[in-house]
Amino acid sequence: MKTSMEFSTRTQLLSVVVPCFNEEEVIGETTKRLRLFCAELQDLDVELIFVDDGSRDRTRQLLKGFALEDPRIKIIGFARNFGHQIAVTAGIDAAKGDAVVLIDADLQDPPEVIHEMVAKWREGFDVVYGTRTERLGESAFKRATARGFYRVLNRLSDIPIPLDTGDFRLMSRDVVDTLRAMPERDRFIRGMVSWVGFKQIALPYKRGERFAGESKYPLRKMLRFATDGILSFSTKPLQISVAMGMFSASLALLGIFYVLFLRLFTSIWVEGWTAIMIAVLFMGGVQLISVGILGEYVGRIYNEIKNRPLYVVQEYLGFEKSGPAMSRSPVMVNR
Ligand code: UDP
Ligand code: MG
849 MKTSMEFSTR
859 TQLLSVVVPC
869 FNEEEVIGET
879 TKRLRLFCAE
889 LQDLDVELIF
899 VDDGSRDRTR
909 QLLKGFALED
919 PRIKIIGFAR
929 NFGHQIAVTA
939 GIDAAKGDAV
949 VLIDADLQDP
959 PEVIHEMVAK
969 WREGFDVVYG
979 TRTERLGESA
989 FKRATARGFY
999 RVLNRLSDIP
1009 IPLDTGDFRL
1019 MSRDVVDTLR
1029 AMPERDRFIR
1039 GMVSWVGFKQ
1049 IALPYKRGER
1059 FAGESKYPLR
1069 KMLRFATDGI
1079 LSFSTKPLQI
1089 SVAMGMFSAS
1099 LALLGIFYVL
1109 FLRLFTSIWV
1119 EGWTAIMIAV
1129 LFMGGVQLIS
1139 VGILGEYVGR
1149 IYNEIKNRPL
1159 YVVQEYLGFE
1169 KSGPAMSRSP
1179 VMVNR
């Protein structure tokens, strides 16, 4: 497929997807840097798709202003905040490019690195993912939890997911089309891309500091994200709860023999309150944990079968009249 493209005269298109949530302080600079990057690109057209994830500040207003100046800028405006991974999904759904790049709005991922990604793509790679060699300006806590998370995830996950890798990456049309055919709603994009396969390669880069503003990923969102990552790519927690059940059941069996022995052959069977308490508490704990884990999976099944649209788009700006091709038919609210 690639060779036929090389011979065609059509200029290839690169889609850059930028999720934004309350980024009024950085969005101007980001747009500037991205447009500079576009100017440096030779023989490649670019569309810049900004997904406004229900910002409550002036982000969308500013974006609309930039779109007036530059026809390459397109905007998808969500009706509310749906979260980073869903915003990225909407961008991927709408992208028309032969390759799609995902990049954060806060300039932590330097746009210049995309040149190297494009070069690798032209060499024939389908996924070029940025791996962070350094993380500047992030708290020791964030770095440590992120490091720990990627390692735990890799242990548990049924497929290998590259370490220290975020969503900053380039994907070929083949990969994007496959992603679009994956309808799950607890979306952990970096894991889904690993799952897809094709030729993938890591590209080390220095992750910079946020240009301005503060992280839109508070601890609560990070925990949710980590749980999604683990539960969407592994059923090991269920196996762990079975193992815990087995373990406590065997202990309980030993305990039963012990108690019976005391009752039948000795006269000290009145005692044992301690043992009962331990057994009750231990079993209760194990059961609650197991039910909780089970509940998480059941909750996810419930969420899937409701089959709601993944996101609600209030407005598409800069796309062709017919609207972007969409696989998940988001609800459109026109005002
Ligand atoms: N983001 C989003 N929706 C959210 C939270 C974040 O679209 O609910 C965007 C945000 O605007 C940024 C990217 O996702 O472009 C990464 O967020 P952030 O930089 O706050 O996360 P961090 O780099 O601190 O992990
Ligand atoms: Mg950031």
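So the mapping is simple: the numbering used here equals the position in the sequence shown, first residue as 1, plus 848. Glycine included, each C-beta is placed from N, C-alpha and C at the ideal position. The structure displayed is predicted, hence computed values, not measured ones.
{"Check": "Could you check where the beta strand (DSSP E) with residue 1016 kicks off and where it finishes?", "Outcome": "1013 to 1020"}
{"Check": "Assess contact between the segment 1046 to 1060 and the segment 952 to 961, defined as three or more Cβ pairs (one per stretch) separated by less than 8 Å. Is contact present?", "Outcome": "yes"}
{"Check": "Which residue from 1147, 1158, 1089 and 1159 puts its Cα closest to that of residue 1137?", "Outcome": "1089"}
{"Check": "Please look up how many angstroms separate the CB atoms of residue 1055 and residue 991, rounded, as I've assumed it's under 8 Å.", "Outcome": "Residue 1055 to residue 991, Cβ: 10 Å. No contact."}
{"Check": "Could you please give me the residues that DSSP links to residue 1051 through a beta bridge?", "Outcome": "978"}
{"Check": "What separation, rounded to the nearest whole angstrom, lies between the Cα atoms of residue 1175 and residue 1099?", "Outcome": "Because residue 1175 sits at a pLDDT of 48, beneath the cut-off of 50, its placement in the model cannot be relied upon, and the following sentence gives the value as read from the coordinates. The straight-line gap from Cα to Cα measures roughly 52 Å."}
{"Check": "Within the segment 871 to 901, note down every full beta strand (DSSP E) run reaching 3 residues or more, in order along the chain.", "Outcome": "893 to 900"}
{"Check": "When you get a sec, list the residues whose CB is within less than 6 Å of any heavy atom of the ligand MG, chain order please.", "Outcome": "952, 954, 956, 1058 and 1063"}
{"Check": "What do you reckon, are the CB atoms on residue 960 and residue 885 nearer than 8 Å?", "Outcome": "yes"}
{"Check": "Is residue 901 a contact residue of the ligand UDP, with contact defined as CB to any heavy atom under 7 Å?", "Outcome": "yes"}
{"Check": "Alpha carbon to alpha carbon, what distance is there between residue 1148 and residue 1087?", "Outcome": "17 Å"}
{"Check": "So, with DSSP's three-state summary, where would you put residue 1096?", "Outcome": "helix"}
{"Check": "Judging by CA-CA distance, which residue of 1144, 1131 and 902 is the nearest neighbour of residue 1085?", "Outcome": "1144"}
{"Check": "Quick check on residue 947: does DSSP put it in helix, strand or coil?", "Outcome": "strand"}
{"Check": "Classify residue 922 as helix, strand or coil using the three-state DSSP reduction.", "Outcome": "strand"}
{"Check": "Return the bridge partner residues of residue 983 from the DSSP annotation.", "Outcome": "1055"}
{"Check": "Considering only DSSP beta bridges, list what residue 1150 is partnered with.", "Outcome": "Looking at the DSSP assignment, residue 1150 forms no beta bridge with any residue, so it has no partner."}
{"Check": "So, for residue 907: in the same chain, excluding its five sequence neighbours on each side, which residues have a beta-carbon less than 8 Å away from its beta-carbon?", "Outcome": "868, 869, 870, 871, 872, 875 and 900"}
{"Check": "In whole angstroms, give me the CA-to-CA distance for residue 1034 and residue 937.", "Outcome": "11 Å"}
{"Check": "Run the CB neighbour count on residue 1016, radius 10 Å, all protein chains shown included, and call it buried at 16 or more, exposed below.", "Outcome": "buried"}
{"Check": "Which residue or residues does DSSP assign as beta-bridge partners of residue 861?", "Outcome": "893"}
{"Check": "Since residue 998 is in the alpha helix (DSSP H), which residue starts that stretch and which ends it?", "Outcome": "988 to 1004"}
{"Check": "Please classify residue 1159: does DSSP put it in a helix, a strand, or coil?", "Outcome": "coil"}
{"Check": "Taking just the CA atoms, how far does residue 1028 sit from residue 883?", "Outcome": "27 Å"}
{"Check": "Under 7 Å: does the beta carbon of residue 877 sit that close to some heavy atom of the ligand UDP?", "Outcome": "no"}
{"Check": "By Cβ distance below 6 Å, which residues in the same chain neighbour residue 947 in space, the five residues on each side in sequence not counted?", "Outcome": "862, 969, 1018 and 1020"}
{"Check": "Should residue 974 and residue 1081 be called a contact, given that it needs their Cβ atoms to be closer than 8 Å?", "Outcome": "no"}
{"Check": "Mind checking whether the beta-carbon of residue 932 lies closer than 7 Å to any heavy atom of the ligand UDP?", "Outcome": "yes"}
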